[in-house]
Structure formats: C-alpha cells, structure tokens
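A.B. asks:
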Amino acid sequence: MLRFATWKIVSIIGMTLFAFLVIVPSLFTQAQREALSAHLPSWLPMHSIVLGLDLQGGSHVLLEVDQASVLRTQIDTLRDDVRRVLREDKIGIAGGIGVLPRGVQFRLANPAERARLMPRLEQLAGTTGINLLGGNRAAAFDIVNKDDGLIQLIVTEAAINDRIHRAVDQSIEVLRRRVDALGTTEPTLQRQGNNRIVVEVPGLQDTSKLKEILGTTAKLEFRLVAQPGADPSEVEQLEQVDGGTLPIEKRVMVQGEDLVDAQPGFDSRTQEPVVNFRFNVRGGQKFGEVTAANVGRPFAIVLDGKVISAPRILSPITGGSGQISGRFTVEQANNLSILLRAGALPAKLTIVEERTVGPGLGQDSINAGKRAAYVGAFLVAAYMLVTYGIFGVFANLALLVHIAFIFAGLILLGATLTLPGIAGIVLTIGMAVDSNVLIYERIREEAHAGRSIVSALDAGFNRAFATIVDSNVTMFVAAAILYFLGSGPVRGFAVSLALGILTTIITAVTMTRMMITLWYRSKRPTRLPI
Amino acid sequence: MKLLRLAPENTHYPFMRLRRLSYPFSALLSILAVTIFLTWGMNFGIDFSGGTLMEMRAKDGPADLVELRALGEHLDIGDIEVQGFGTPSDVTLRFGVQPGGDSAQEAAVNRIRQTIGDRYDIRRIEVVGPRVSGELVQSGTLGVVLSIIAVLGYLWFRFEWQFAVGAIIATMHDLLLTVGFFSVTQLEFNTTSIAAILTIVGYSLNETVVVLDRIREMMKKYRKIPTDQLIDLSVNAVLPRTIMTATTVFLALLSLVVFGGHVIRSFSLAMIWGIVVATYSSVFICSPMLIYLGLRNETSETVKGEQTSTKPAV
C-alpha cells in the first residue's frame, strides 16, 4: 500500500490536467472561443461540447422513400422500353401494353414471334439490371410466358430495392442542396437503412418551411394542353393550383432536369413575383422546337402533377430561358426557385417522424439539467463527506475528476450531449461513488477483522476490485446495447453512462488509492478514520 | 470528526429465513403488477403508439385549455388530450395517428399551427408515424431481451450457473415490478422509459453481482458452514455498502426528479422505483434463490479438517 509508482502519479495528474484543458473551451461562447483562439497556440484543444437537438433546439426529420412511387416509375420506364423494342423489331401486339401491380403484360399478335422477341427482352432485362461485383448484372425483371402469346414482365424484388437504394443516395444530394439554401448552420443528412434519410437541422425557428422543402418532389414538366379530339389514352386530367382541372397531354416535352438555373424575380409588366429559369443546351433546343411547332397553343407548366399555369405560346422561345408565373407570393417564388435549382427528387419522400425542439425549451432543459447535476453532486458529495470524513474528501475529489473525464470523453469522441445524457451523468455521479463505497466498506471490514491499517487498506482495495469489475461490466453491457438500439437522445444517455462506467475504474479505484497512499505516507495514522 | 453511519454494522439478520415471507410477498406483487398491466395497460407515449405531441406556451396569460381541447373537433383531428404542467401558460397537446398515412400527420400539425400559432409559442413538436412507432416497440423489446441474454452469458462465464439463474430471476422480478409501476402511475411510457428499464436491469444486476461475489468468496473461505448461514453471512457483510450506494444513487435521482425538468421526469421517477426494487431483490430474491437452485457448500465433506476455524471474521 505504501508503494505507489511515481509514473502512475504523474500520469494520473497529467490525465486530469488534460481533461480539464479539453473542457475549458466549452465554458465559453462560440464568439469568445474565436476571439481567444487568435491569441492562443493552435495545439490547444478548442472544440466545444456538441449539444443534441433537444438542448440547442432544432429539427430531426426522418424521411422515407415511397416504395410505391419508385415502383411506378420503374414500371413506366419498363413500358416505354418494351414499346421501343417492339417498334424497333417490328413485332405486333394485340391490344396495348397492360400495367400489372409489379410489372407489365402484353399479348403477341402472332405467338410464333415469341422466339424472335425473347433474346431481345433478356438483353433488356440485363442492360437495365443491377450492377453486381465483377461487372455482371442481375436481371431487372423476370419474363413469364403464358399460353397463346401472353407475356408478363415482373420487376424483381432486388431491382426495386436497388432502385430505392439509389433513390436515397440521389435524394440526399438534392436535399443537401436544398437545405444548404436555407442558410442554417451545419445541417446533417444521413442514410438510415435501405429506404430512409435522417435530416437534422439545428437551431431553426420555423420548421414549416423546412418540411415543405423536404417533402416536395419538385418534378417540373412542360406539357402541351390537349386539343379537342385528341386520343383519350394520351391525355390526362390534371388539377390546377388555383382550382379546376385541365386536359393535359401525357407526353412530356421538356423536363426540369434540363434546367441549369432558376431565380426569383418580378414580371416586367405586371410586377408579379415570378421564377426565371434557364435551360441547358439540350433543353433549350427542345424548348425552342416545341414552342416553334405549337405557336398559339397553351403550354402547361406542371409541378408534381399539378398545373401551375398554362400560358399561350405567343412566339417560338429559342433563347433557352423563360419565366414561370402563377400568382406566387414572393416567398413562394423564392421557395420554388430553391427547389428547381436543387433539382427534383428521384422519388416521392414522406416524413415518417419529426422531432422539433424550440430554442426556448432547449435552453430551459439545459438549465434544468445543470441545476439537477449541481444539486445531485452536492448531495452525494456532502453525504460521502459526513460518512467517510477524510476518505470522503478523497472520494469527492475523485468524483470531480470523474465528471471531468466524462465531459472530456464526450468532447474528444465528438459525441452529443442530450438531456437524457445529462440524466446519465447525474446517475453516474450516484453510481461512481459506489466503487469508493465498496472499497471503504471492505477496508472497515478487514480492519474489524483484526488486520493492521496497511494490510486492511491493501486488502480492501484488492478484494473490492474484482467486485467492481464484475458489477460494472453488467452495467456496461446494458449501456452498450442501449447505444446500438437506441436513437438520438437515448443514445446520448448510453454514451454518457458507458463513459461514466469506464472512467470510474480510473478515478474511484486508482486515483483514490493514490490519494490514500500519499495521505498515509505523510500522516502515518495509528487508526483508520473510517 | 464524528462520522455518520446509516447502516448498522455487524448485523446478523436471518435473511434466508425471511424468504418464507419475502417470496410470497414478491410473488403477490409480481402477479399484481402483471394483472394491473393487463387490465389498465400502460400510458404509451407517441413513440410507441404513434401520433403527435405538441408542447406550447401561451404568449399572453394562461393557456386556454377548453379552447385547445375544442380544436380537435374544430380541425377534424379527433380527440386531443390537453394537459397543463409547470406554469399555467404551459400546455401539451397529444393526439393519435391521423387516418390517411404519414403525410396526414404533418397536415394536422400545420392546421393547429395556423389556427393558434399567433397566440402560442410552439416549443416542441414530435410526430411519430405508425410504422416508426412499430419499429421503436420492436427495438425496445429487443434491447431488453438482448441485454438480459448478454448479461446471463457473462454471469454464467464468471460464476456458477445457479448464480446466473438467480440473478436473472431477480432481474425479471425487478422488470415486472417496474412495468407494474408504469401501469399504476400511468406515467408516460416512451423510448426514455426503455432507457430507464435497461438501466434498472443494469443496476439490478450490479447489486446482485456484489452480493454474489461475496457469497462466492465466502464459499471458498468457510467450507464448513451450511449454505443458508453462509449466504446470510455474506448478505450481512455487504449490507452497509448496499444501503450506502442505494442512498447516493437515490440522492442523485432525487435531484433529477425535483430539478431535471418535465421532459425526463418519468425517467427519473422510474429509476428511483427501480433502485428500491433492485436493492430489495438482490437481498431477498436472488440470494435465497441459490438455495432453491441447489447451490451447496458441499466441499465441507471432502476437505474436512483443512479449515481450523469456522468462526466468521465479520
């Protein structure tokens, strides 16, 4: 007991100083930190603790790719592809191409032509399929041959999942551009599982705008308004934004993906808010051709299946730029241009979970958490002091370092501190002294059993250590599982609990031992003070 | 300095004999807990039931609970559960999953915001769609089951199998009583409650392990003492520590209940209940279970004569 290696003492003091050094920047505000860092050497840690959304305020939104809409797009593409193949190979079908829940079907006019068509369909299934390792591709759809020339093409499960997976990747890109345009600090976007996206935006006052730009697909299409007597199968009735419906041709003339820029502005004549847009070369050419061929006809601007407006084409528009007007407010024009600039989402996204905390409540929670932590620490420390005297002081010093270690750990790991995380820290304040209690009670027991002071101290530490490890492992297991299964704030709780368990071994066992050794060496007491 | 001792020392409480009282008592409590859970159910928060929670504060004066309740019918949202808390201007609104899929939930929030947004400061919105809530139930249940299995494995590895089984039975007991606690108090049960339950599981095992550790040590030391006396000896030996630690954790949690704010109050209350139950079960459920499971200090026959003293050095 009397020996305690100097290197151990040095390293414990070193670790403690380092922990406090890591924490200090978090005591200042962002502005103060920046001012300070100009005067301090750059090797000093300057990271502040990351507060969870429940403490700093902000929005957590979970979006899910709509599987039905992905499947629908896939079936539409498949139908177009099949139509092209049949036309190229001049194979006739009886009736049209029918749509099934998971694919398409058609009937060959001459069943004998099946042999000629099969290789072409297999080729199509291969080229549109999923990339596998080694350059191979899995088929995009299964070909089912029924009797008398009926052929069904069924999209495979793997192809749907692959498409959803890619839709999530593309959506994250698009959403990032949109959220960045909001100008908030450090939004995070992450994939979750195969079909979900987590968006976290700290410190936003009004979340309705966020949700609007997250939930809008922003698929822009330019389509002609149908003329009387057009083929009904090529026309659909679409809702207009300001009420009523219009017959619109199904064929899409120009698409939003050919836009290169969109900016809010005002119409030069009516002073009404509008969105000015510019096409890329391909889109500009296409737009010029269509407008030249259809002068006098109304040209509908369709956003997510709704007609925004359908102005009449007065003259061919060949400059590659144009204007969308639709009785917008300034804000609507602004939002629409953000959406068009960022591009359309590849699939419809639905908000399946939202958690928003206003900055006011966040601050209240910080204050409440702080107060609970101070009072809790004070009560525990006072209780330890009156129960164990000088040994209680040692335990309390260790407790202080323990708390410092937890915060330093959180900062170094870049983990977020949440309200349940604060609760976890308060809980570990109560638990951390458990190791001290185990040791001290053991020392008393051994002393009562007739051991000398040194021997009782030694036995107390050694015997209690096994128990401390065993009992903390069980707690650690619970925290680890909570971390892997929990989300958001609960995860914060698991992290601070787990950190607290790890640091308690250092602080309550090694540090206390060091202090007691040094105390014993200098005082040489004749009886134990506990 | 005169030191404070809460726990009596050198006790010789006959805990093992008390099992004839504590087992029926615990069995009764457990059955009661399950019955109440089955009849009253739990007050599931939106994490598990799906739905929407809005917390707001009136900008001027107290919140008008009657008006807020009427919003449900007004805006075609269904029943809105309105609850005041803290100051008179603070209020929470809770309503169930709206028919019409995920987008309908957001639409309902927007309708409320438009109707009263100018008079109320919206401080928190939580919307959980029906599918997400189902998944949260799954992962919560999985977490509790997994942690029990993992810890069982660890205990099996470190101790005799009777210890592991005894620890798990004690933990199950604590789990049942905690569920019963949520049922009786109708505290909101949400994802932080799962965190509370897992922490209680951890704490309960922690308590149990401390007792078991000592029993194992005593078994090596005193091979001639009958098992029940040996367990009594061990439990009495760790009793001061048990009481001391329960008190410090209780003090920390008490300050969380009083000062920690309403967001985590149900968590803190459940934890307090948990440490009481866990402390009780480590003494009265787990240790006596070892006797029922046939743990025997059987080496007394084989190593006769090796020990010179059977006098416990407590």
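From first to last, the protein sequence lines stand for chains A and B.
Take the first sequence: its letters are residues 765 to 1294, numbered as in our numbering.
Take the second sequence: its letters are residues 1377 to 1690, numbered as in our numbering.
By construction, the Cβ of each residue, glycine as well, lies at the ideal position given by its N, Cα and C atoms.
#1: Report the partner residues of Pro-1062 (chain A) according to the DSSP bridge assignment.
#2: How big is the Cα-Cα spacing for Arg-786 (chain A) and Arg-1489 (chain B)?
#3: State the start and end residues of the unbroken alpha helix (DSSP H) segment that holds Pro-1028 (chain A).
#4: With burial defined as no fewer than 16 other Cβ atoms inside 10 Å of the residue's Cβ, what is the status of His-824 (chain A): buried or exposed?
#5: Rounded to whole angstroms, what is the Cα-Cα separation between Gln-1683 (chain B) and Met-1594 (chain B)?
#6: I want to know whether the stretch 1199-1209 of chain A touches the stretch 1266-1278 of chain A - three or more CB-CB distances under 8 Å.
#7: Going by CA-CA distance only, name the one from A:Arg-901, A:Thr-837 and A:Lys-910 that's closest to Gln-869 (chain A).
#8: From the DSSP output, which residues share a beta bridge with Gly-1578 (chain B)?
#9: Let me see if you follow: with CB-CB separation under 8 Å, is Phe-1257 (chain A) close to chain B or not?
#10: Taking Cβ positions, are Ile-1269 (chain A) and Asn-1236 (chain A) nearer each other than 8 Å?
#11: Taking Cβ to Cβ, would you say Ala-933 (chain A) is nearer than 8 Å to Thr-920 (chain A)?
#12: So is Ser-1515 (chain B) in contact with chain A if we call contact Cβ pairs under 8 Å?
#13: Exposed or buried, which one is Val-1071 (chain A) when buried takes at least 16 other CB atoms within 10 Å?
#14: Would DSSP call Gln-831 (chain A) helix, strand or coil?
#15: When Cβ atoms are compared, which residues of the stretch 1078-1103 of chain A fall closer than 9 Å to chain B?
#16: Taking only beta-carbon atoms, is Arg-1495 (chain B) less than 8 Å away from chain A?
#17: Taking C-beta to C-beta, are Ile-1591 (chain B) and Ser-1663 (chain B) nearer than 8 Å?
#18: Consult DSSP for Val-1157 (chain A) and reduce its assignment to one of helix, strand or coil.
#19: Three or more C-beta pairs under 8 Å: does that hold for the stretch 1060-1071 of chain A against the stretch 978-997 of chain A?
#20: Under 8 Å: do the stretch 1104-1120 of chain A and the stretch 824-844 of chain A share three or more Cβ pairs, one atom per stretch?
#21: If the cut-off is 7 Å on Cβ atoms, which residues from the stretch 829-841 of chain A count as contacting chain B, listed in chain order?
#22: Residues in the same chain with beta-carbon distance under 7 Å from Ile-1130 (chain A), minus the five sequence neighbours each way, listed in chain order, please.
#23: For Leu-1671 (chain B), name the three-state secondary structure that DSSP assigns.
#24: For the stretch 1418-1464 of chain B, which segments carrying the beta strand (DSSP E) assignment without a break, of at least 3 residues, lie completely within its bounds, in sequence order?
#25: Can you pull the chain A residues whose beta carbon is under 8 Å from the beta carbon of Val-1625 (chain B), in chain order?
#26: DSSP puts Pro-1037 (chain A) in a beta bridge; with which residues?
#27: Considering just the uninterrupted stretch of the beta strand (DSSP E) at Phe-870 (chain A), what are its terminal residues?
#28: From what residue to what residue does the beta strand (DSSP E) around Gly-755 (chain A) run?
#29: How many Å lie between Leu-953 (chain A) and Ser-972 (chain A) at the Cα?
#30: Ignore the nearest five residues each way along the sequence and tell me which others in Asp-1423 (chain B)'s own chain have a CB closer than 7 Å to its CB.
#31: Buried or exposed: which applies to Ser-997 (chain A), given that a residue is buried once 16 or more other Cβ atoms fall within 10 Å of its Cβ?
#32: Please go through the stretch 1477-1553 of chain B and give each complete beta strand (DSSP E) segment of 3 or more residues, from N-terminal end onward.
#33: Identify whether Ala-1262 (chain A) lies in helix, strand or coil by the three-state DSSP scheme.
#34: Taking just the CA atoms, how far does Gly-1636 (chain B) sit from Glu-1564 (chain B)?
#35: Measure the C-alpha to C-alpha separation of Arg-1395 (chain B) and Ile-1661 (chain B) and round it to an integer number of angstroms.
#36: Return yes when the Cβ of Val-1018 (chain A) is within less than 8 Å of the Cβ of Gly-1047 (chain A), no when it is not.
C.D. replies: The short version:
#1: Residue 1062 (chain A) sits at position 298 when you count from the first residue of the first sequence. Answer by DSSP bridge pairing, in chain order: A:Arg-1076.
#2: On the first sequence, residue 786 (chain A) is found 22 positions in, with the first residue counted as 1. On the second sequence, residue 1489 (chain B) is found 113 positions in, with the first residue counted as 1. According to the sequence shown, residue 786 (chain A) is Val rather than Arg. The alpha-carbon separation between Val-786 (chain A) and Arg-1489 (chain B) amounts to approximately 42 Å.
#3: On the first sequence, residue 1028 (chain A) is found 264 positions in, with the first residue counted as 1. Segment 1023-1030 is the beta strand (DSSP E) holding Pro-1028 (chain A); no alpha helix (DSSP H) there.
#4: If you number the first sequence from 1, residue 824 (chain A) lands on position 60. Buried, since its Cβ has 16 or more Cβ neighbours within 10 Å.
#5: Counted from its first residue, the second sequence places residue 1683 (chain B) at position 307. Counted from its first residue, the second sequence places residue 1594 (chain B) at position 218. Legend: pLDDT at Gln-1683 (chain B) = 44, less than 50; position of this residue unreliable, no value from coordinates given.
#6: yes
#7: The residue given as residue 869 (chain A) occupies position 105 in the first sequence. Nearest of A:Arg-901, A:Thr-837 and A:Lys-910 to Gln-869 (chain A), Cα basis: A:Lys-910.
#8: Translated into positions along the second sequence, residue 1578 (chain B) becomes position 202. Gly-1578 (chain B) is not bridged to any residue.
#9: Position 493 of the first sequence holds residue 1257 (chain A). Chain B, which has a Cβ nearer than 8 Å to the Cβ of Phe-1257 (chain A), makes this yes.
#10: For the purposes of this step, residue 1269 (chain A) is taken as residue 505 along the first sequence, with counting starting at 1. For the purposes of this step, residue 1236 (chain A) is taken as residue 472 along the first sequence, with counting starting at 1. Contact flag set, yes.
#11: Along the first sequence, read from residue 1 onward, the residue named residue 933 (chain A) stands at position 169. Along the first sequence, read from residue 1 onward, the residue named residue 920 (chain A) stands at position 156. It should be noted that the sequence gives Asp, not Ala, for residue 933 (chain A). Result no, Cβ atoms of Asp-933 (chain A) and Thr-920 (chain A) do not sit closer than 8 Å.
#12: In the second sequence, residue 1515 (chain B) corresponds to position 139, counting from 1. So, interface residue.
#13: Here residue 1071 (chain A) corresponds to residue number 307 of the first sequence, with the count starting at 1. With a 10 Å radius around the Cβ and a threshold of 16 neighbouring Cβ atoms, Val-1071 (chain A) comes out buried.
#14: Position 67 of the first sequence, counted from the start, is the residue given in the question as residue 831 (chain A). In the structure shown, Gln-831 (chain A) sits in a helix (DSSP, three-state: H, G or I).
#15: none
#16: Residue numbering aside, residue 1495 (chain B) sits at position 119 when the second sequence is read from its first letter. Contact of Arg-1495 (chain B) with chain A is not assigned, every C-beta pair being separated by 8 Å or more.
#17: Locating residue 1591 (chain B) in the second sequence gives position 215, counting from the first residue. Locating residue 1663 (chain B) in the second sequence gives position 287, counting from the first residue. For Ile-1591 (chain B) and Ser-1663 (chain B), yes; Cβs fall inside 8 Å.
#18: In the first sequence, the residue the question calls residue 1157 (chain A) occupies position 393. The answer is helix: DSSP assigns Val-1157 (chain A) an H, G or I state.
#19: yes
#20: yes
#21: none
#22: Walking along the first sequence from the start, residue 1130 (chain A) turns up at place 366. Closer than 7 Å at Cβ, skipping near neighbours: Leu-819.
#23: Stepping through the second sequence from its first residue, residue 1671 (chain B) is reached at position 295. Note: Leu-1671 (chain B) maps to coil in three-state DSSP.
#24: Listed in chain order, the complete beta strand (DSSP E) runs (minimum 3 residues) inside the stretch 1418-1464 of chain B are 1427-1434 and 1456-1460.
#25: Sequence index remark: in the second sequence, residue 1625 (chain B) carries index 249 (1-based). Here the neighbours are Leu-1191, Gly-1194, Met-1195 and Asp-1198.
#26: The count along the first sequence starts at 1 and reaches residue 1037 (chain A) at position 273. DSSP output for Pro-1037 (chain A) lists A:Phe-1030 as bridge partner(s).
#27: Stepping through the first sequence from its first residue, residue 870 (chain A) is reached at position 106. 867-872 is the span of the beta strand (DSSP E), which, as asked, contains Phe-870 (chain A).
#28: The first residue shown for chain A is 765 and the last is 1294, placing residue 755 (chain A) beyond what the model contains.
#29: Mapped onto the first sequence, residue 953 (chain A) falls at position 189. Mapped onto the first sequence, residue 972 (chain A) falls at position 208. So the two alpha carbons sit approximately 18 Å from each other.
#30: Against the second sequence, residue 1423 (chain B) aligns to sequence position 47. Correct list, in chain order: Val-1504, Ser-1509, Leu-1512, Asn-1566 and Thr-1567.
#31: As a working mapping, residue 997 (chain A) is identified with position 233 in the first sequence. Label assigned to Ser-997 (chain A): exposed.
#32: 1496-1504
#33: In the first sequence, the residue the question calls residue 1262 (chain A) occupies position 498. Three-state result, Ala-1262 (chain A): helix.
#34: Your numbering for residue 1564 (chain B) matches position 188 in the second sequence. Your numbering for residue 1636 (chain B) matches position 260 in the second sequence. In this model, Glu-1564 (chain B) and Gly-1636 (chain B) are separated by some 16 Å (Cα to Cα).
#35: Numbered from its first residue, the second sequence carries residue 1395 (chain B) at position 19. Numbered from its first residue, the second sequence carries residue 1661 (chain B) at position 285. Their backbone Cα atoms lie some 8 Å apart in a straight line.
#36: Taking the first sequence and counting its residues from 1, the one referred to as residue 1047 (chain A) is at position 283. Taking the first sequence and counting its residues from 1, the one referred to as residue 1018 (chain A) is at position 254. It is a contact, given that the beta carbons lie within the stated cut-off.
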